[in-house]
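Working notes, beginning with the structure itself.
Numbering (the working numbering), first residue to last: 1456 to 1828.
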């Protein structure tokens, strides 16, 4: 399937490797386990596989804290296992997309180990350091700053995930080189984790870090540079996770004439019933969902493209959330799938969603979470 002309009609299947298929009985899913089940995925009609992070990592944030961008975490296998998986995917006419995490690294990444070693280290400016922290709060709670020596480093997420300084061109070009390495290996694209947070506001002023960093002042410049340096002229699928972005933002990111991304993940529809956490939900007012989906369909009808999803590794199972995971589980799953796959955009199916899989244990997210049909 030629993606440059065909990804708009493709179906993407997300695999969370740790829980998908365990080939060696150690209780952790792995790359050989995925390879062994490719015939099943091909039979489903999957066009593209998206793998959540499989890079070497201390696993402080389930692999989204990367200590080596160019190696496989031993829990999942080896680079040889990856090459075998990729070849088997391609043999079946499917494509493979890697999860790309470049807003931050692990604090065990060699770049950060060097950066924190001394204020005079050449890589000191590869991360954000300040003598005094501002008032930013981490998305994982608490201050977004951690003291190391005489200064503080920025971490919008876990304290073990220091943010990279994209203002430094050396950082950007090191990341571009890594991306080219994976593309030379044969991968077919990237799902870019929190990619709209890479540009921080000038001076790092006090305020709401989420609002200040989302869609920052140079983000479009950086993505256009990435496109020129790495992505242009290649047969790829590129989707960006962009928390907080609006329809208007998505039009900019996914306008083909601008050379940035193919599409973005919106969070608006899965925030309609949001409570304190993704598992502490309010009843959904169904007209709000209809209005939101319509706004995105209409907003990207002439420029850009939608990504479509109900479930992923950050969200509860949709059948338990907005359907009926009891007597009417099958009918609910089919109805929700019909809505998703008949909208304009590229559908993303999370592992098990094709089976109508439900939440394992979460009584607060049963069918009573939907109202006002």
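Built from N, CA and C at the ideal position, the CB exists for glycine as well.
Keep in mind it's a predicted model, so treat the numbers as computed, not measured.
Taking all protein chains shown into account, residue 1550 has 16 or more neighbouring C-beta atoms within 10 Å of its C-beta and is therefore buried.
Taken in chain order, the unbroken stretches of beta strand (DSSP E) that lie wholly in the region 1679–1762 and span 3 residues or more are 1692–1696 and 1718–1720. One Cα belongs to residue 1667, the other to residue 1792, and the distance between them is close to 35 Å.
The beta carbons of residue 1642 and residue 1755 sit about 26 Å from each other, so the pair does not count as a contact at 8 Å. Remark: three or more beta-carbon pairs, one from each stretch, lie closer than 8 Å, so the region 1642–1656 and the region 1687–1703 are flagged as touching. Selection 1585, 1611 and 1602 evaluated against residue 1592 yields 1611 as nearest (Cα-Cα). Ranked by Cα distance from residue 1615, the options 1740, 1536, 1600 and 1656 are led by 1600. As computed with DSSP, residue 1559 is found in a beta bridge with 1618. When secondary structure is reduced to three states using DSSP, residue 1546 falls in the helix class. Between residue 1587 and residue 1576, the C-beta gap is not smaller than 7 Å, which leaves the two residues out of contact.
Within the same chain, and ignoring the five residues on either side of residue 1553 in sequence, the residues whose Cβ sits closer than 7 Å to its Cβ are 1506, 1637, 1642 and 1645.
A check of alpha carbon separations from residue 1715 across 1486, 1723, 1785 and 1704 identifies 1704 as the nearest. Sorting 1732, 1723, 1736 and 1760 by C-alpha distance to the C-alpha of residue 1746 places 1723 at the top. Per DSSP, residue 1494 is one residue of the alpha helix (DSSP H) stretching across 1493–1499.
Within the same chain, 1774 and 1813 come within 6 Å of residue 1780 by CB-CB distance, once the 5 residues on both sides are set aside. Boundaries of the beta strand (DSSP E) around residue 1506: 1503–1506. Secondary structure at residue 1793: helix, using DSSP grouped into helix, strand and coil. About 10 Å separates the Cβ atoms of residue 1579 and residue 1608, ruling out a contact at the 8 Å cut-off.
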